[in-house]
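So the working numbering is basically just the index in the sequence shown, starting at one, shifted up by 236.
For each residue, glycine too, the CB sits at the ideal point set by N, CA and C.
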Amino acid sequence: MHEIICPHCAKAFKIDEAGYANILKQVRDSDFEKQLHERLELAEQEKQSAIELATAKAASELQKAAATKDAEIQELKTKIASIEIEKKIAITEAVSSAEKERDKLQSDLEKAELEKQLAEKSLKDKYETQIKDRDDAIERLRDMKARLSTKMVGETLEQHCETEFNRIRATAFPRAYFEKDNDVRTGSKGDYVFRDWDEAGTDIVSIMFEMKNEDDKTATKKKNEDFLKELDKDRIEKGCEYAVLVSLLEPDSELYNMGIVDVFHRFPKMYIVRPQFFIPIITLLRNAAMNSLQYKSELSLMKAQNIDITNFESELETFKSAFAKNYDLASKRFQTAISEIDKSIEHLQKTKEALLGTDRNLRLANDKAQDVTIKKLNRGNPTMAAKFADLKAT
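So this is what it looks like as structure tokens:
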């Protein structure tokens, strides 16, 4: 039996083994439950504390992470804002630059278009004026041709060119020569010769001109080609640099109606022009020659220097040859003169001897003449005796 004291009333009571075991079991169960409950509560508290700690830690870490993220986000937002600002600035600048470029291009385009329009208008006006002048000239010349004979048409074309030249001679060509070619020593001549010089007298340019035209009523129509060979021959014979055919032949030819046509493929330095281009071709050739005048002057100077040296050497050689030849001739003539003098001395000696002989004969003749008397002359000559008798009687 086991004696147990009640913790509440302090009374002792006895309990058998089974009861004791049961009570012990209950006590144990109760104590275990209590301990378990306490432990569970403690565990729950620890768990709750751990949860709270973990939550606090997690919240702290989350707050830190959030703060870090917020900072990163703020930094990114700042960068984004800066990029946006830079982007806006770049876009603004690009747009501004593009607008300026566009405005410049637009302005340049408008300017180019305006210049193009002005150039087109100027070119159009120029060619319309040229066409009008050409048409007027052709119409005027055709009108003149209708009223004049074939010969007079040609003469009138020459007069027209001469008048046009003389009209601007004083201002454009003050030192120029432009006259009819009257030199027929070679058997041929052109119509006019133009020559121009600079202030130093250096040749600038020279042109042989031929003027050709014919009446529309002429049965046989001539072509420009028919006169080129003779014109080239005249140019060469008269020492001209260029040759120009001023022609109204082949009036319907688009080639010649262009105004100035070079025929270098046929003959060197030769042009065919319509009358309205008579002055322009002179101006063009003269201006082109003026551009090369300096080189021509230098070349002429070099040629002159070379010619001077050549002439000096040639003259020296000529002098030496002439001197040698003259010396030989003088020497020969000296010997001949000496020989002739010797011959002359011999001849004079013979002449002296002959004269001396003549003197003797003259003296003898004089002696005989002195010895002659009238009586001796009349002897045996009655006629002479009668004559002398008559003379004495008178």
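Legend entry - Beta-carbon proximity list for F503, same chain, < 6 Å, skipping 5 on both sides: Locating residue 503 in the sequence shown gives position 267, where the first residue counts as 1. Excluding the 5 residues flanking it on each side, F503 has same chain C-beta neighbours closer than 6 Å at L464 and D468, in chain order.
Inset, instruction - Tell me whether E477 sits in a helix, a strand or coil according to DSSP, three-state version. - result: Translated into positions along the sequence shown, residue 477 becomes position 241. It is coil, neither helix nor strand.
Inset, instruction - State the Cα-Cα distance for the pair M506 and F409, rounded to the nearest angstrom. - result: In the sequence shown, the residue the question calls residue 506 occupies position 270. In the sequence shown, the residue the question calls residue 409 occupies position 173. Approximately 21 Å, taken between the alpha carbons.
Legend entry - Coil, strand or helix - R471 by DSSP: For the purposes of this step, residue 471 is taken as the residue at position 235 of the sequence shown. Here R471 sits in helix by DSSP.
Legend entry - Where the beta strand (DSSP E) through F445 begins and ends: Within the sequence shown, the letter at position 209 stands for residue 445. Per DSSP, the continuous beta strand (DSSP E) segment holding F445 begins and ends at D439 to K448.
Legend entry - the stretch 483-490 / the stretch 429-443 touching (three or more Cβ pairs under 8 Å): No: the two stretches stay apart, fewer than three of their Cβ pairs being nearer than 8 Å.
Legend entry - Neighbourhood of N418 by C-beta distance below 8 Å, restricted to the same chain and skipping five residues each side: Residue numbering aside, residue 418 sits at position 182 when the sequence shown is read from its first letter. Sequence-distant Cβ neighbours of N418 in its own chain, meaning closer than 8 Å and more than five residues away, are K425.
Inset, instruction - Work out the CA separation of K300 and E282 for me, nearest whole Å. - result: Stepping through the sequence shown from its first residue, residue 282 is reached at position 46. Stepping through the sequence shown from its first residue, residue 300 is reached at position 64. Between E282 and K300, the C-alpha separation is close to 25 Å.
Legend entry - Beta-carbon spacing of R370, N493 below 9 Å: Sequence index remark: in the sequence shown, residue 370 carries index 134 (1-based). Sequence index remark: in the sequence shown, residue 493 carries index 257 (1-based). Taking 9 Å as the Cβ cut-off, R370 and N493 qualify as a contacting pair.
Inset, instruction - Under the assumption that L481 contacts I518 (Cβ atoms under 8 Å), give the Cβ distance between them as a whole number of angstroms. - result: Reading the sequence shown from its first residue, position 245 is the one you call residue 481. Reading the sequence shown from its first residue, position 282 is the one you call residue 518. Not really, about 14 Å apart at Cβ, beyond 8 Å.
Inset, instruction - Report the rounded CA-to-CA distance for A330 versus N527, giving the unit in angstroms. - result: On the sequence shown, position 94 is the one that residue 330 refers to. On the sequence shown, position 291 is the one that residue 527 refers to. Approximately 52 Å, taken between the alpha carbons.
Legend entry - Cutoff 8 Å; reference V499; Cβ partners in own chain excluding five residues on either side: Here the question's residue 499 lines up with position 263 in the sequence shown. If we look at V499 and ignore the five residues flanking it on each side, its Cβ neighbours are L464, M506, Y507 and I508.
Inset, instruction - Could you spell out where the alpha helix (DSSP H) holding M526 opens and where it closes? - result: To locate residue 526, count along the sequence shown from 1; it is residue 290. Its alpha helix (DSSP H) spans residues F514 to N527.
Legend entry - Own chain residues within Cβ distance below 6 Å of R471, not counting five before or after: Along the sequence shown, read from residue 1 onward, the residue named residue 471 stands at position 235. Once the five neighbours on either side are set aside, the close Cβ partners of R471 are M444 and A479.
Inset, instruction - Leaving aside the five residues before and after K324 along the sequence, list all residues of the same chain whose C-beta is less than 8 Å from its C-beta, in chain order. - result: Numbered from its first residue, the sequence shown carries residue 324 at position 88. Exclusion of the five residues before and after K324 leaves no residue of its chain whose Cβ lies closer than 8 Å to its Cβ.
Legend entry - Terminal residues of the alpha helix (DSSP H) in which E415 lies: Taking the sequence shown and counting its residues from 1, one reaches residue 415 at position 179. That residue, E415, is in no alpha helix (DSSP H); its beta strand (DSSP E) goes Y413 to K416.
Legend entry - Whole-number beta carbon distance between P511 and L393, since they are thought to touch under 8 Å: Translated into positions along the sequence shown, residue 393 becomes position 157. Translated into positions along the sequence shown, residue 511 becomes position 275. Rounded, the Cβ-Cβ distance is 7 Å, consistent with contact.
Inset, instruction - Give me the Cβ distance between L446 and D427, rounded to the nearest whole Å; I'm assuming they're in contact under 8 Å. - result: Mapped onto the sequence shown, residue 446 falls at position 210. Mapped onto the sequence shown, residue 427 falls at position 191. It is worth fixing the name first, because residue 446 is Glu in this sequence and not Leu. Indeed, because the Cβ distance is near 5 Å, the residues count as touching under 8 Å.
Inset, instruction - Taking all protein chains shown into account, decide if A524 is buried (16 or more other Cβ within 10 angstroms of its Cβ) or exposed. - result: In the sequence shown, residue 524 corresponds to position 288, counting from 1. Note on A524: under 16 other CB atoms within 10 angstroms of its CB, so exposed under the neighbour-count rule.
Legend entry - Simplified DSSP assignment, three categories, for K313: On the sequence shown, residue 313 is found 77 positions in, with the first residue counted as 1. Reduced to three states, the DSSP call for K313 is helix.
Inset, instruction - Using three-state DSSP, classify D339 as helix, strand or coil. - result: Stepping through the sequence shown from its first residue, residue 339 is reached at position 103. The DSSP-derived three-state label of D339 is helix.
Inset, instruction - Let me know if E288 comes out buried or exposed under the rule of 16 or more other beta-carbons within 10 Å of its beta-carbon. - result: Walking along the sequence shown from the start, residue 288 turns up at place 52. Result: exposed.
Inset, instruction - Can you give me the Cβ contacts of F401 inside the same chain, cut-off strictly under 6 Å, excluding the 5 residues immediately before and after it? - result: As a first step, residue 401 is located in the sequence shown; it is residue number 165 there, counting from the start. So the qualifying residues of the chain are F414.
Inset, instruction - Sort out for me which residues DSSP pairs R510 with in a bridge. - result: As a working note, residue 510 is residue 274 in the sequence shown. Listed as beta-bridge partners of R510 by DSSP are no residues whatsoever.
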